[in-house]
Amino acid sequence: MTRESWQGADLADIVSDTVRPHAGGENRFRIEGPGIRLSPNAALAISMALHELGTNAVKYGALSTDHGHVVLVWHIEGADADRRLVLHWEESGGPPVAEPKRKGFGSRLIERALAAELGGDVRVEYAPSGLVCTIVAPLPAGQEVVGGRGDGTGSEAGSDPGG
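Under the UniProt record's numbering, the first residue of the sequence shown is numbered 1, with each subsequent residue one higher.
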């Protein structure tokens, strides 16, 4: 967002910048989705959530093993005033996952604060094959679909996740 003078950011850029520290030099991420220009508040909230998901994946999830990986895809549902961003994070290849008995700050940040900030819904599933997080948020008129790296063609995040 600092490149954009706090005018918001493209979701593909946010994803690239956020997963880069967790990519580990290998193709650990599959990333796909259209370019979507987000407001500064939405960009910051999603960036924080993705950072937390990445950190947890490295510590406890798919990225804590040599063979784990993360699929991170997003798309737009609906039209006009009913447009929604659907962002899906899915881990696999890591250790078995179970819902924690006590949720820490990061989990609460993702599940409650993000939903409140975006005015949407956040679902976190502790599937045995890996953590799954789905974020559904309305896309106000100021959050436009744009071209760019996240044009739906997909990319592999590794040593150069942004292309």
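Yeah, the Cβ is synthetic: ideal placement off N, Cα and C, and Gly gets one too.
Query raised in the report: What do you get for Pro140, buried or exposed, if any count of 16 or more other CB atoms within 10 angstroms of its CB means buried?
Result: exposed
**Report entry** Closest residue to Arg84 among Lys103, Val122 and Pro95 (Cα-Cα distance)
**Finding:** Val122
Requested in this report: Find out if the Cβ-Cβ distance for the pair Glu125, Val132 is shorter than 8 Å.
Outcome: yes
Requested in this report: Determine the burial state of Asn41: buried for a count of at least 16 other Cβ atoms within 10 Å of its Cβ, exposed for fewer.
Outcome: exposed
Query raised in the report: Do Asp17 and Arg37 have their C-beta atoms closer together than 8 Å?
Result: no
**Report entry** N- and C-terminal bounds of the alpha helix (DSSP H) containing Ile46
**Finding:** Pro40 to Lys59
**Report entry** For His22, the three-state DSSP class (helix, strand or coil)
**Finding:** helix
Query raised in the report: Ser129 by DSSP, collapsed to three states: which one?
Result: coil
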